[in-house]
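Please read the structure below before turning to the comments.
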Amino acid sequence: MTVPLDRHYLVELQVSADRVDQLRRIVAAHLRHWSLELHIRPVCRAVEELLTNVQRHVGDDNRCVVELRWSGRHLTVSVADSGSEMPRLLHEGGGLSRVMALSDSWGTCRTAEGKVVWFTRYAQEPQHIELVPLPPLPGVRESRRPPAVVAEIPEPVPAGSGETVHVHTSDAAPALV
């Protein structure tokens, strides 16, 4: 399978809780379309963190741009907004700490309109391997044994009936019960 040198998706949106959920589904659909199913969960979680940070620190209904770019080896996701305050990595976890844990690299940079926060993941072209049935190993049929014959066990004879019952097994002499 040959992957185009660059796959790209860009969306501008107003940040709100409903839009964060909607964009997560859109990102998942694009990753599925690009055959990057293994990256859906971590990428969507990191995008959700970045958009939640925009909503929390820049404000509701702020316009931002989310961009996905896959080169066939690396997936880069960026979120640009108009906020002037640069994000900080906090030691309590969540936010950028979570983005850092879900990605191979990440960073921020100022722009004329605000800032961009981005992260990358190594996402090599998926290998599609055809499943072909293998021939049986030599000698498999010969190693199969016929099922063992199990001797029938007669109904127990009530004690004191005076009857003698003989049971025969394949390897043993007749037994008296």
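Quick note, this note's numbering runs 323 ahead of the 1-based positions in the sequence shown.
Think of the CB as a built atom: it goes at the ideal place given N, C-alpha and C, for glycine as much as any other residue.
About 7 Å separates the beta carbon of R396 from that of Y445, a gap short enough to meet the 8 Å contact definition.
Closest in C-alpha terms to L333, from the list L425, T431, L346 and H380, comes L346.
Using a Cβ-Cβ distance cut-off of 8 Å, the stretch 413–433 and the stretch 368–381 are in contact, since at least three pairs of beta carbons, one from each stretch, lie closer than that value. Counting along the chain, G418 sits inside the alpha helix (DSSP H) bounded by residues G418 to L425. The way I'd put it, the stretch 412–424 doesn't touch the stretch 354–361; fewer than three beta-carbon pairs between them come closer than 8 Å. In the three-state scheme derived from DSSP, where H, G and I count as helix and E and B as strand, H414 is classed as coil. Burial is judged here by how many other beta carbons sit within 10 angstroms of a residue's own beta carbon; C387 has at least 16 and is buried. In the three-state DSSP reduction, V343 falls in the helix class (H, G or I). Going by DSSP, T434 is part of no alpha helix (DSSP H) at all; its letter is neither H nor E.
In this structure, the alpha-carbon of R348 lies about 11 Å from that of R364. Residue state for L354 is assigned as helix, using DSSP reduced to three classes.
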